[in-house]
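Data first, discussion second: the structure below is written as structure tokens.
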Amino acid sequence: MSFSKLSLTSLIASAVAVCAQTCAATNSTTSNAITIADLATGADCACTKLTATFGDLCLTADSTNYTAEVTEYWDIRSDLLPKCVFFPADADQVATAVSTFTSCGAQFAVRGGGHMNYPGSNNIDGGVLLALNHLTDTVVASDNSSIAVGPGTRWVDVYEALAPYGLYCIGGRMKTIGVPGLELIGGFHYLINKYGFAMDNVLSYDVVLGNGTQVVADATSNTDLFWALKGGASNFGIVTKFVIKALPIPLISSTIQAFNESYAEDFIAATVEMTQNNDAEIGAGSVVSIQYNATTKVVTPSLLGVQEGTESPPSRFAAYSKIPSLRTINSVSTPREWHSTLETPNQMFRVQFAHKTIVPDTDQLVKIYKAWKDAVDTVSDVEGLYPTFVLNIISKSTMTVAKENGVGNTWGLDDDQDLIIWQLSTGWANAQDDLRMTNWARGFIDYWHSENQAAGLASEFIYMGDAGEFQEPFLGFPLENVQRMRQIREDVDPLGVFSRLNWGGFKLGN
2 MSFSKLSLTS
12 LIASAVAVCA
22 QTCAATNSTT
32 SNAITIADLA
42 TGADCACTKL
52 TATFGDLCLT
62 ADSTNYTAEV
72 TEYWDIRSDL
82 LPKCVFFPAD
92 ADQVATAVST
102 FTSCGAQFAV
112 RGGGHMNYPG
122 SNNIDGGVLL
132 ALNHLTDTVV
142 ASDNSSIAVG
152 PGTRWVDVYE
162 ALAPYGLYCI
172 GGRMKTIGVP
182 GLELIGGFHY
192 LINKYGFAMD
202 NVLSYDVVLG
212 NGTQVVADAT
222 SNTDLFWALK
232 GGASNFGIVT
242 KFVIKALPIP
252 LISSTIQAFN
262 ESYAEDFIAA
272 TVEMTQNNDA
282 EIGAGSVVSI
292 QYNATTKVVT
302 PSLLGVQEGT
312 ESPPSRFAAY
322 SKIPSLRTIN
332 SVSTPREWHS
342 TLETPNQMFR
352 VQFAHKTIVP
362 DTDQLVKIYK
372 AWKDAVDTVS
382 DVEGLYPTFV
392 LNIISKSTMT
402 VAKENGVGNT
412 WGLDDDQDLI
422 IWQLSTGWAN
432 AQDDLRMTNW
442 ARGFIDYWHS
452 ENQAAGLASE
462 FIYMGDAGEF
472 QEPFLGFPLE
482 NVQRMRQIRE
492 DVDPLGVFSR
502 LNWGGFKLGN
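First residue of the sequence shown? That's 2 in this note's numbering, and the numbers climb one at a time after it.
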């Protein structure tokens with residue numbers, strides 16, 4: 002193709018005009034974008050302003066309680082050294098802090114319960130840590146239909162507040178897990194087969210946005226944000242209050258069972274059976290795990306099972322109860338009594354999760370379990386090694402709740418297929434083994450996921466609460482949901498405060 006001199010001149014002129022328009026638009030966008038200071042400068046600015054305004058609510062490295070606060074984490078890998086730690090007393094102070102971070106261009110992290118084992122998700126080296134410890138109000142509604150909860154609260158505190166009213170709610174299975182992390186990433190509980198995930202039980206969120214404004218997101222106001230917070234993690238703002246549905250469940254029936262290694266395959270088969278036969282007629286669920294001591298070579302499958310009501314032993318766990326056990330404890334108690342014993346102490350290990358998801362299949366899960374046990378032997382020289390193979394069940398009825406409640410959630414899982422999350426939970430002692438253990442876990446789950454894909458058994462769903470920091474949960478969400486979340490993020494945080502200044506954890510990307 003050839004061009005005349007005149008047509009070429011016209012093309013160049015048109016291109017210049019288009020470029021001018023594009024550059025103007027780009028400059029306009031840039032002028033609205035946040036300015037990020039270098040790490041030290043931004044932190045110095047924010048810490049100085051917060052200290053001047055709030056005094057002792059802001060700790061620095063020479064403060065008495067600094068070391069205790071920066072190690073207030075479940076996972077030792079999360080122990081970092083922020084420039085300062087700010088403890089807002091209420092939502093207004095959270096808003097002031099966010100505005101300060103924005104004006105200073107300061108990088109920051111937010112801590113609720115400190116249980117997320119993803120280094121940098123809830124702490125930061127050299128930046129500012131916003132610790133929500135003081136936002137611990139719990140208020141039961143006058144009609145007993147809900148409970149309002151602050152983001153500094155742990156689930157045992159929520160169950161404690163509900164107990165006098167004979168109420169319960171869908172929250173953390175272990176008592177020391179914090180409220181905000183679990184709620185914002187979706188949330189497993191024992192009774193999800195009937196009541197849905199924790200996120201499906203949130204009635205409203207009070208949120209501080211990136212520009213420091215405060216909004217309420219619920220089914221009638223800021224409805225897009227309401228949806229996005231149901232599994233969308235820390236991409237949109239800081240939640241300063243959750244209003245959670247309260248359930249009239251004064252008593253629960255529990256079973257604790259432990260088994261010998263010779264019954265490990267039967268134990269896995271029982272887990273598959275329960276997953277496929279756990280409809281919503283009665284709420285029931287579990288913590289299912291297999292521990293392996295690589296030194297003594299002792300394998301211990303164990304079950305923590307909970308069912309609503311007083312039937313004891315709880316019938317939903319009959320498949321496990323048929324297996325000869327080393328010990329079985331069945332009891333009926335209040336939810337508060339049950340959860341009060343389930344502690345996960347801080348600072349015991351360096352801890353990493355990694356997982357994939359599978360359609361329930363006993364034979365394939367047994368293969369994965371046996372391969373995991375062999376793989377553990379290859380790293381048995383790692384000091385303090387504490388390996389656990391975990392199975393989290395997701396029965397079809399769990400997804401029905403979001404499908405029928407008129408709101409849905411960001412996960413977009415259909416209720417036509419039961420699922421099981423197979424997870425490696427691995428602890429160890431020393432930082433020099435971090436890379437080795439990450440590569441070990443990553444290689445194992447990726448290989449077996451490819452085997453599952455080839456067998457037509459794999460699901461691409463990744464649950465943030467059981468994922469490694471090297472995994473990408475949003476890749477397993479429906480694309481249209483990710484696109485919608487990204488648009489909502491642009492609408493509520495056009496400056497990019499929660500993607501550029503608060504960059505830790507699972508982010509949507511740009």
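We treat Cβ as the ideally placed atom computed from N, Cα and C, and that holds for glycine.
Bounding residues of the alpha helix (DSSP H) (the contiguous stretch that carries Phe55): Reading the sequence shown from its first residue, position 54 is the one you call residue 55. Start and end: 40-55.
Rounded to the nearest angstrom, what separates Leu40 and Ile125 at their Cα positions? For the purposes of this step, residue 40 is taken as the residue at position 39 of the sequence shown. For the purposes of this step, residue 125 is taken as the residue at position 124 of the sequence shown. One C-alpha to the other measures close to 10 Å.
Are Asp434 and Val383 closer than 7 Å when you measure CB to CB? Here residue 434 refers to the residue found at position 433 when the sequence shown is read from its first residue. Here residue 383 refers to the residue found at position 382 when the sequence shown is read from its first residue. Yes. Within cutoff.
Where the beta strand (DSSP E) through Tyr387 begins and ends: Against the sequence shown, residue 387 aligns to sequence position 386. It spans 387-395 - the beta strand (DSSP E) in which Tyr387 sits, taken as one unbroken run.
If we ignore side chains and look at the alpha-carbon of each, how far apart do Gly127 and Thr52 end up? Taking the first residue of the sequence shown as position 1, residue 127 is located at position 126. Taking the first residue of the sequence shown as position 1, residue 52 is located at position 51. Near 16 Å, if we compare the C-alpha coordinates of Thr52 and Gly127.
Would you report the Cα separation of His340 and Arg174, rounded to the nearest angstrom? By 1-based counting over the sequence shown, the position of residue 340 is 339. By 1-based counting over the sequence shown, the position of residue 174 is 173. One C-alpha to the other measures close to 7 Å.
Pick from Asp467, Leu130, Glu344 that is closest to Tyr67, judged by C-alpha positions: Taking the sequence shown and counting its residues from 1, one reaches residue 67 at position 66. Of the candidates Asp467, Leu130, Glu344, the one whose C-alpha sits nearest the C-alpha of Tyr67 is Leu130.
Option in Gln277, Ile330, Val209, Gly233 with minimal Cα separation from Ala259: By 1-based counting over the sequence shown, the position of residue 259 is 258. It is Ile330 whose Cα lies nearest to the Cα of Ala259.
Please report the residue range of the beta strand (DSSP E) in which Phe519 lies. The question about residue 519 has no answer, for the chain in this structure spans 2 to 511.
Ala320 versus Ala107, Thr214, Asp267, Asn202, residue with shortest Cα-Cα distance: Counted from its first residue, the sequence shown places residue 320 at position 319. Selected option, being the one with the closest Cα: Asp267.
Asn482 and Gly428 closer than 7 Å at C-beta: Residue numbering aside, residue 482 sits at position 481 when the sequence shown is read from its first letter. Residue numbering aside, residue 428 sits at position 427 when the sequence shown is read from its first letter. No; because the gap between Cβ atoms is not below 7 Å, this pair is not in contact.
Near Gly238, what residues of its chain come up, given a Cβ to Cβ distance below 6 Å and the 5 sequence neighbours on each side ignored? For the purposes of this step, residue 238 is identified with residue 237 of the sequence shown, where counting begins at 1. Cβ within range, chain order: Val208, Val209, Leu210.
Check whether the stretch 189-206 and the stretch 281-289 touch, using three or more Cβ-Cβ pairs below 8 Å as the test. yes
According to DSSP, is Trp423 part of a helix, a strand, or is it coil? Walking along the sequence shown from the start, residue 423 turns up at place 422. Here Trp423 sits in strand by DSSP.
Beta-carbon proximity check, Ile489 vs Ala229, cutoff 7 Å: Sequence index remark: in the sequence shown, residue 489 carries index 488 (1-based). Sequence index remark: in the sequence shown, residue 229 carries index 228 (1-based). Yes; because the gap between Cβ atoms is below 7 Å, this pair is in contact.
Quick one, which of Ser381, Glu405, Asp144 has its alpha-carbon nearest Met438's? Translated into the one-based positions of the sequence shown, residue 438 becomes position 437. The candidate whose alpha carbon is nearest that of Met438 is Ser381.
Could you give the residue range of the alpha helix (DSSP H) that holds Asn453? Your numbering for residue 453 matches position 452 in the sequence shown. Segment 435-455, the alpha helix (DSSP H) holding Asn453.
Start-to-end residues for the alpha helix (DSSP H) that takes in Asp492: As a first step, residue 492 is located in the sequence shown; it is residue number 491 there, counting from the start. Looking at the DSSP string, the run of the alpha helix (DSSP H) that includes Asp492 is 480-493.
Rounded straight-line distance, which links the Cα of Ser396 to that of Asn278: Here residue 278 is taken as the residue at index 277 of the sequence shown, counted from 1. Here residue 396 is taken as the residue at index 395 of the sequence shown, counted from 1. Roughly 8 Å separates the two Cα atoms.
According to DSSP, Gln308 sits in a beta bridge with which residue or residues? As a working mapping, residue 308 is identified with position 307 in the sequence shown. According to DSSP, Gln308 bridges with Ser254, Ala285.
Just the Cα atoms here: how many angstroms apart are Pro440 and Lys231? Numbered from its first residue, the sequence shown carries residue 440 at position 439. Numbered from its first residue, the sequence shown carries residue 231 at position 230. Here residue 440 turns out to be Asn, not Pro, going by the sequence shown. Taking the straight line from one Cα to the other gives about 31 Å.
Express the C-alpha separation of Asp415 and Ser500 in angstroms, rounding to a whole number. The sequence position of residue 500 within the sequence shown is 499, counting from 1. The sequence position of residue 415 within the sequence shown is 414, counting from 1. Between Ser500 and Asp415, the C-alpha separation is close to 29 Å.
Tell me which residues share the same chain as Cys170 and place their Cβ nearer than 8 Å to its Cβ, disregarding the 5 neighbours each side in the sequence. Along the sequence shown, read from residue 1 onward, the residue named residue 170 stands at position 169. For Cys170, where only same-chain residues beyond five positions count, the Cβ hits under 8 Å are Ile148, Val159, Tyr160, Leu163, Asn202, Ile245, Lys246, Ala247, Leu248.
Report the option in Gly407, Phe243, Leu502 whose CA atom is closest to the CA atom of Ala38. What you label residue 38 is simply residue 37 of the sequence shown in a count that begins at 1. Closest option to Ala38, Cα to Cα, is Leu502.
Gly477 versus Thr61, Ile463, Ser205, Gly43, residue with shortest Cα-Cα distance: The count along the sequence shown starts at 1 and reaches residue 477 at position 476. When only C-alpha atoms are compared, the closest one is Ile463.
Under 7 Å between the Cβ atoms of Lys357 and Ile291? The residue labelled residue 357 in the question sits at position 356 within the sequence shown. The residue labelled residue 291 in the question sits at position 290 within the sequence shown. Cβ atoms of Lys357 and Ile291: not closer than 7 Å.
Please confirm if the stretch 64-80 is in contact with the stretch 109-119, defined as three or more CB-CB distances below 8 Å between the two stretches. yes
For my contact list, Ala265 and Tyr166 are in at a C-beta cut-off of 8 Å; report their separation, rounded to the angstrom. Position 264 of the sequence shown holds residue 265. Position 165 of the sequence shown holds residue 166. Not confirmed; about 41 Å, so no contact.
Rounded to the nearest angstrom, how far is the Cβ of Ile253 from that of Ser334, given a contact under 8 Å? Locating residue 253 in the sequence shown gives position 252, counting from the first residue. Locating residue 334 in the sequence shown gives position 333, counting from the first residue. The Cβ separation is near 7 Å, so the contact holds.
For Phe243, the nearest candidate out of Pro314, Asp45, Val141 (CA to CA): Looking up residue 243 in the sequence shown gives position 242. It is Val141.
Classify Pro89 as buried or exposed, calling it buried when 16 or more other Cβ atoms lie within 10 Å of its own Cβ. Numbered from its first residue, the sequence shown carries residue 89 at position 88. Looking at its Cβ environment, which holds 16 or more other Cβ atoms inside 10 Å, Pro89 is buried.
For Gly385, is the classification buried or exposed, using 16 other Cβ atoms within 10 angstroms of its Cβ as the cut-off for buried? Here residue 385 refers to the residue found at position 384 of the sequence shown. Counting Cβ neighbours within 10 Å, Gly385 comes out exposed, since fewer than 16 surround it.
Quick one: Cα of Gly310 to Cα of Glu338, how far? Taking the sequence shown and counting its residues from 1, the one referred to as residue 310 is at position 309. Taking the sequence shown and counting its residues from 1, the one referred to as residue 338 is at position 337. Each residue's alpha carbon lies about 14 Å from the other.
With a threshold of 6 Å, establish whether the CB of Phe471 neighbours any heavy atom of the ligand FAD. What this structure holds is no ligand at all, so the ligand FAD is not there to describe.
Sheet register partners of Ser460 (DSSP bridge): For this step, residue 460 is matched to residue 459 along the sequence shown. Paired residues: Thr358.
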